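Reading the sequence shown from the start, the letters are residues 70 to 342 in the numbering used here. A virtual CB, placed ideally from N, CA and C, is assigned to each residue, including glycine. Fair warning: this is a prediction, and the values are worked out from it, not measured in the lab.
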Amino acid sequence: MSGSATEVQAGPTQVTGGVVTEVQGRVLLIGLNRPDKRNALTPEMLSELSDAYSRYDKDENLRCAVLYGEGAVYCAGADLTRLKGLIESGELSYGPDYYDPFGLEGARVSKPVVTAVHGMCFAGGLELALNGDIIIAAEGTAFGQPEVLRGLFAFGGGAARWADRVGWGNGMRYLLTGEALDAKEAHRIGLVQEVVPADRLRERAIELATVIANAAPIGVRHTLTVARQAAEEGLRSAFDSVPELRAQIVGTDDAVEGVVSFKERRAGDYKGR
């Protein structure tokens, strides 16, 4: 599902083992592609996801990404039979150039990620989604963070991000019991932002990603920076970063285009500079 890193129009499918990518306009689609194993995550898939995120983050033509799963389910979690050796050895650290798909260490994607989930969204698959920014679910999707029932904890970011997304009580309700919840409940508590019919899922995710991609990219990136600082470092840290970011953006061509397009009652044509 993808062509060269500078491509803007839709390109052919690129398959790199357990991950497929495709460019649609300014949106990069990233698909988990191990459907016979319910897209259970392997070390190779995580490496391929890192490569996809690296490409996305570095390509100025790409402004939003959609993560999804091929086949009957989005992701059943990690393939514990494949990750068993890494878990036992504790060798789960990566170099500084590695784009950790869980967003815990190494380089981090600075652009938005929309995750489209269906069927099952469990364990590591859910943690991949929580590292993104918006989750859209198909009706009937089941969610769960069952690590405590397998002698582990949600060390792919879930233990920290659940409470941030849904509040302490709601987060602990599911983290500490490992119990599953359906899409309706996930939407009610704020884990999921939209629930749509299954046959509309991919279309809706791309539609939303395109809206984001058409916005001013510097403004989008600065918004993510400040919001992440607020969530991870506290409001004071986020507030302290605003003056510098504000000074950077007010003199850009995109800021000028925003004012001009508003006066002319048309959509802005933003170049990212």
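- Contact holds between the region 87-104 and the region 120-137, because three or more Cβ pairs, one in each stretch, are under 8 Å apart.
- The DSSP-derived three-state label of residue 251 is strand.
- If one requires a minimum length of 3 residues, the beta strand (DSSP E) runs lying completely within the region 185-253 are 189-191, 203-207, 211-213, in chain order.
- Where residue 93 is concerned, the enclosing beta strand (DSSP E) starts and stops at 88-93.
- For residue 274, the uninterrupted alpha helix (DSSP H) segment begins and ends at 270-283.
- Taking a C-beta distance under 7 Å as the contact criterion, residue 86 and residue 141 do not qualify as a contact pair.
- With fewer than 16 other Cβ atoms inside 10 Å of its own Cβ, residue 306 counts as exposed.
- One thing to note: residue 186 has its Cβ within 7 Å of the Cβ of residue 143.
- Separation of residue 103 and residue 321 (C-alpha to C-alpha, rounded to the nearest whole angstrom) is 43 Å.
- In the DSSP assignment, the residues bridged to residue 100 are 89, 137.
- For the pair residue 230 and residue 199, the CB atoms are nearer than the 7 Å cut-off.
- Of the other Cβ atoms in all chains shown, fewer than 16 fall within 10 Å of the Cβ of residue 267; this residue is therefore exposed.
- With fewer than 16 neighbouring CB atoms inside 10 Å of its own CB, residue 315 falls in the exposed class.
- DSSP places residue 267 in the helix class (H, G or I) of the three-state scheme.
- Note on geometry: alpha-carbon atoms of residue 216 and residue 197 lie some 15 Å from one another.
- Taken through DSSP and simplified to helix, strand or coil, residue 142 comes out as coil.
- The three-state secondary structure of residue 183, taken from DSSP, is strand.
- For the pair of segments examined, the region 119-133 was found to touch the region 166-173: the number of CB pairs separated by less than 8 Å reaches three.
- Between residue 234 and residue 260, the C-beta gap is smaller than 7 Å, which places the two residues in contact.
- In this structure, residue 191 lies near residue 145, with their beta-carbon atoms less than 7 Å apart.
- In this chain, residue 170 is not harboured by any alpha helix (DSSP H), its DSSP state being neither H nor E.
- Rounded to whole angstroms, residue 108 and residue 294 show a C-alpha spacing of 30 Å.
- The C-beta of residue 90 has 16 or more other C-beta atoms within 10 Å across all chains shown, which makes the residue buried.
- Using a Cβ distance threshold of 7 Å, residue 265 and residue 271 do not count as a contacting pair.
- DSSP places residue 339 outside any alpha helix (DSSP H), giving it a letter other than H or E.
- In the displayed model, residue 109 falls within coil according to three-state DSSP, outside both helix and strand.
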